[in-house]
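Peer 1:
In our numbering, the protein residues as written are 1061 to 1554.
1) So what does DSSP say about residue 1141, is it helix, strand or coil?
2) Mark residue 1061 as exposed unless 16 or more other C-beta atoms lie within 10 angstroms of its C-beta, in which case mark it buried.
3) Measure from the alpha carbon of residue 1486 to the alpha carbon of each residue in 1480, 1501, 1472 and 1493, then state which is nearest.
4) Alpha carbon to alpha carbon, how far is residue 1333 from residue 1319? Give it in angstroms, no decimals.
5) Let me make sure I understand the geometry here. Which of 1517, 1547 and 1505 has the alpha-carbon closest to that of residue 1426?
6) Going by the CB atoms, is the gap between residue 1064 and residue 1083 shorter than 9 Å?
7) Residue 1465 and residue 1497: beta carbons closer than 9 Å?
8) Taking residue 1511 as the reference, which of 1224, 1536 and 1517 has the closest Cα?
9) Along the beta strand (DSSP E) that carries residue 1416, what are the first and last residues, could you check?
10) Under a three-way DSSP split, which group does residue 1164 fall into?
11) What separation, rounded to the nearest whole angstrom, lies between the Cα atoms of residue 1085 and residue 1114?
12) I'd like the list of long-range same chain contacts for residue 1109, defined as Cβ closer than 7 Å, with 5 residues on each side in sequence excluded.
13) Starting from residue 1147, trace the alpha helix (DSSP H) both ways and give me its first and last residue.
14) Under a CB-based cut-off of 9 Å, is residue 1301 close to chain B?
15) Whose CA, out of 1415, 1327, 1451 and 1554, lies closest to the CA of residue 1516?
16) Just the Cα atoms here: how many angstroms apart are residue 1476 and residue 1506?
17) In three-state terms, what does DSSP make of residue 1440?
18) Output the distance between the C-alpha atoms of residue 1287 and residue 1295, rounded to the nearest integer angstrom.
19) Kindly indicate which residue of 1217, 1384, 1207 and 1247 has the alpha-carbon position closest to the one of residue 1306.
20) Contact defined as beta carbons within less than 8 Å: I believe residue 1236 pairs with residue 1327. What is the distance between those atoms, to the nearest angstrom?
21) Applying the 10 Å Cβ sphere with the 16-neighbour rule, what's the burial state of residue 1171?
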């Protein structure tokens, strides 16, 4: 039984991968158990491959391959790995690996501004960006078209009002055209005929329950109204109605056939009954006119409400269509911010630039890339918002013995015409290896006669001090969020 480990190189560059393989050669076919997890600390497993089994003559060769890497310069060892083969435990040998770094010249080379990032669009994406807004626009136009068509139809609607008498006369004219070919037709004719007269009595407030009344109940009610002088109907008119009601009951319940003369006579009688009843009601014309005016007012109000609904629907359709197109093209947060007048909120929610700065590889996110100062003698990097309310400066200074960093900073502020400086100080940690001193507070900027907040993060890096200075408006919650977002992004690249 032979257990060994091999690598393809004993020296790698920082971040470079190398191959590490465990090989087992056995004359018998005992059960081999690899650990569930491998520990190659301080190396990181970049990739691992399935177990490979081969046979050479009478030997069984099993191998397990890994790709390992490391990100810190130095000399390291791969710790021995324990394997269980049958009832025995075997251990691989320790292997030494050197990790070397690549030196980068950050002093003698000329500095250049960070170039703007340019994105190239996928052709299919461009077509989609054209077709979708166009489709949304067409959909919005179709909705507006249907709304306009409905509005046009409404606009052409005229007020129409019929008195109970006019409705009854029109209904009588309609049933005159009825064909009476059989008993069923005759029954339906008399049902409609009696319904017309009852509907008239009910609509004209003569008998509110006329439709549910029997023939006997209806005649009794009319006689009662005549006696109380609420209507001025003749006895002959009431008798005529009783006769027609009787004929109707005979047709509907006794299935009696009526000759054409009787049918025509009953039609004429109903017309005369309705006409006589109308004349017998006091102030009938005045009441009809008042009812007409009341219905016309209701119609105009209904028309006005519908017009308002159409206008609101049209406006909402236009707004929603435009909003849908804008959201599709620019995204929801950007679109909402575009409709907002708050430039700070736009700045907070826009796409930020993340980059690595200085020879110390400080990574941070800012609303836009930090650019080199226009002063050719300085390597300071800075960002200033469009309205000038936020400024971010990144610069490096040489560290000297017995240097008072806080006083130097205050002197610099005074030279820049900052007065009434309030200062607080605290220690912050980026991670286990990187700490910084945070100096913060407020001052009066006499250049613009405004009070400002400031945060200065100072990193002590061997013989240098790295300063990240952020100045922003006081009592501005959104700008405070912007500064917090910058601070949370701070990270040193390894």
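Just so you know, even glycine gets a beta-carbon here, dropped at the ideal spot from N, CA and C.
What you are looking at is a predicted structure, and each value in this text was computed from that prediction instead of being measured.
Peer 2: Reading off the structure:
1) Counting from 1 along the chain shown, the entry for residue 1141 is found at position 81. Residue state, collapsed to three classes: coil.
2) Taking the chain shown and counting its residues from 1, one reaches residue 1061 at position 1. That one is exposed.
3) As a first step, residue 1486 is located in the chain shown; it is residue number 426 there, counting from the start. The residue with the shortest Cα to Cα distance from residue 1486 is 1501.
4) Taking the first residue of the chain shown as position 1, residue 1319 is located at position 259. Taking the first residue of the chain shown as position 1, residue 1333 is located at position 273. If you take the alpha carbons of residue 1319 and residue 1333, they lie about 21 Å apart.
5) Within the chain shown, numbered from 1, the residue matching residue 1426 stands at position 366. Closest option to residue 1426, Cα to Cα, is 1547.
6) Indexing the chain shown from 1 puts residue 1083 at position 23. Indexing the chain shown from 1 puts residue 1064 at position 4. Their beta carbons are under 9 Å apart, which means residue 1083 touches residue 1064 by this criterion.
7) To locate residue 1465, count along the chain shown from 1; it is residue 405. To locate residue 1497, count along the chain shown from 1; it is residue 437. Against a cut-off of 9 Å, the Cβ pair of residue 1497 and residue 1465 comes out as a contact.
8) Reading the chain shown from its first residue, position 451 is the one you call residue 1511. The option with the nearest alpha carbon to residue 1511 is 1536.
9) Here residue 1416 refers to the residue found at position 356 of the chain shown. Unbroken beta strand (DSSP E) run through residue 1416: 1413-1417.
10) The residue labelled residue 1164 in the question sits at position 104 within the chain shown. Note that residue 1164 has pLDDT 49, beneath the 50 cutoff, so the model's placement of it is unreliable and the number below is only indicative. DSSP places residue 1164 in coil when its eight states are reduced to three.
11) Reading the chain shown from its first residue, position 25 is the one you call residue 1085. Reading the chain shown from its first residue, position 54 is the one you call residue 1114. Between residue 1085 and residue 1114, the C-alpha separation is close to 10 Å.
12) Along the chain shown, one-based indexing puts residue 1109 at 49. For residue 1109, where only same-chain residues beyond five positions count, the Cβ hits under 7 Å are 1125.
13) Counted from its first residue, the chain shown places residue 1147 at position 87. No alpha helix (DSSP H) contains residue 1147, which DSSP labels as neither H nor E.
14) Here chain B cannot be found, since the structure has a single protein chain.
15) Position 456 of the chain shown, counted from the first residue, corresponds to residue 1516. Comparing Cα-Cα distances from residue 1516 to each of 1415, 1327, 1451 and 1554, the minimum goes to 1451.
16) If you number the chain shown from 1, residue 1476 lands on position 416. If you number the chain shown from 1, residue 1506 lands on position 446. If you take the alpha carbons of residue 1476 and residue 1506, they lie about 9 Å apart.
17) As a working note, residue 1440 is residue 380 in the chain shown. Residue 1440: coil per DSSP, three-state reduction.
18) Stepping through the chain shown from its first residue, residue 1287 is reached at position 227. Stepping through the chain shown from its first residue, residue 1295 is reached at position 235. About 11 Å.
19) Taking the first residue of the chain shown as 1, we reach residue 1306 at position 246. Out of 1217, 1384, 1207 and 1247, 1247 has the C-alpha closest to the C-alpha of residue 1306.
20) Taking the first residue of the chain shown as 1, we reach residue 1236 at position 176. Taking the first residue of the chain shown as 1, we reach residue 1327 at position 267. That pair is a contact at about 7 Å.
21) Here residue 1171 is taken as the residue at index 111 of the chain shown, counted from 1. Per-residue confidence for residue 1171 stands at a pLDDT of 48, beneath the threshold of 50, marking its modelled position as unreliable; no derived number is given.
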